[in-house]
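Report on the following structure.
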Amino acid sequence: MRISGLIVALLVLTGCQSLTRNSSNTGEPEEVTPVTEIERGICLFNEPPPVFEHNCDAAYWLNTWIAAANQPWMERKQALKALGDSAFDTIHAYILTLPTDTPYQDRLRAQLALNDIAGTFTAEAQEVVNVIAASQNNQIMQLESAMVVLEQENTSRGEKVKALEQEAVNLRKKLEELLQIEATLMDKNRSTQQ
Numbered sequence: 358m359r360i361s362g363l364i365v366a367l368l369v370l371t372g373c374q375s376l377t378r379n380s381s382n383t384g385e386p387e388e389v390t391p392v393t394e395i396e397r398g399i400c401l402f403n404e405p406p407p408v409f410e411h412n413c414d415a416a417y418w419l420n421t422w423i424a425a426a427n428q429p430w431m432e433r434k435q436a437l438k439a440l441g442d443s444a445f446d447t448i449h450a451y452i453l454t455l456p457t458d459t460p461y462q463d464r465l466r467a468q469l470a471l472n473d474i475a476g477t478f479t480a481e482a483q484e485v486v487n488v489i490a491a492s493q494n495n496q497i498m499q500l501e502s503a504m505v506v507l508e509q510e511n512t513s514r515g516e517k518v519k520a521l522e523q524e525a526v527n528l529r530k531k532l533e534e535l536l537q538i539e540a541t542l543m544d545k546n547r548s549t550q551q
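In case it helps, our numbering puts the sequence shown at residues 358 to 551.
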């Protein structure tokens, strides 16, 4: 009897499972995000800002990135100080902050400045910047931010542990004092009884 009940239950569950599979697979094609394809070159702007050099020169920007990756942070920091607020300087500053040894605040400042002008990029340039640099840069900043939060939490907990340890030492001293008082009282009580 139990075996037949178990078989019936398995058949019902199997049937329900196959129905849910069929209902979720309605035959409608999945939405596919169109992928930007770059045929030849890429320009950052359709109409570049005044005095903007290397608009359609991807090799220049890649070489700048390679040079930045091979410079120590202090050299790049000095180069950042010399840059202005133009679109060219903003992109150059962003590239100088891409290497992983860049401090969080400098990386964030450059990312926000690039975000301000990225809306004026061509669609292809926006996609390239996002895929090649921005998504990884944002992920690094999120990880660094999480590390700072965890470090603050660890510091806070460490301080609480130290306070609790000090409180335990104080309580231990008070307990020893109370035990000493109790021993003294017991000695006095014994001496009065004799």
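All residues carry an ideal CB built from backbone N, CA and C; glycine is no exception.
Closest to residue i by C-alpha separation, out of the options, would be which residue?
i           : options               : result
residue 406 : 437, 388 and 448      : 448
residue 441 : 423, 467 and 549      : 467
residue 495 : 457, 530 and 539      : 457
residue 461 : 485, 500 and 492      : 500
residue 502 : 465, 548, 388 and 551 : 465
Just to confirm, is the Cβ distance from residue i to residue j under 8 angstroms?
i           : j           : result
residue 400 : residue 479 : yes
residue 312 : residue 452 : Nothing can be reported for residue 312, as the shown portion of the chain is limited to 358 through 551.
residue 446 : residue 454 : no
residue 422 : residue 459 : no
Look at the alpha carbon of residue i and the alpha carbon of residue j, and state the distance between them as a whole number of angstroms.
i           : j           : result
residue 490 : residue 518 : 42 angstroms
residue 524 : residue 498 : 39 angstroms
residue 481 : residue 432 : 31 angstroms
residue 434 : residue 398 : 30 angstroms
residue 508 : residue 438 : 30 angstroms
residue 419 : residue 428 : 14 angstroms
residue 522 : residue 450 : 49 angstroms
Could you name the residues of the same chain whose beta carbon sits closer than 7 angstroms to that of residue i, not counting the 5 residues immediately before and after it, in chain order?
i           : result
residue 444 : 406, 409 and 474
residue 512 : none
Apart from the five residues on each side of it in sequence, which residues of its chain come closer than 8 angstroms, Cβ to Cβ, to residue i?
i           : result
residue 539 : none
Enumerated in chain order, which unbroken segments of the alpha helix (DSSP H) with a length of 4 residues or greater are wholly contained in the region 459-490?
-> 461-475 and 480-486
Enumerate, from N- to C-terminal direction, the unbroken alpha helix (DSSP H) stretches of 4 or more residues contained entirely within the region 395-445.
-> 415-426 and 430-439
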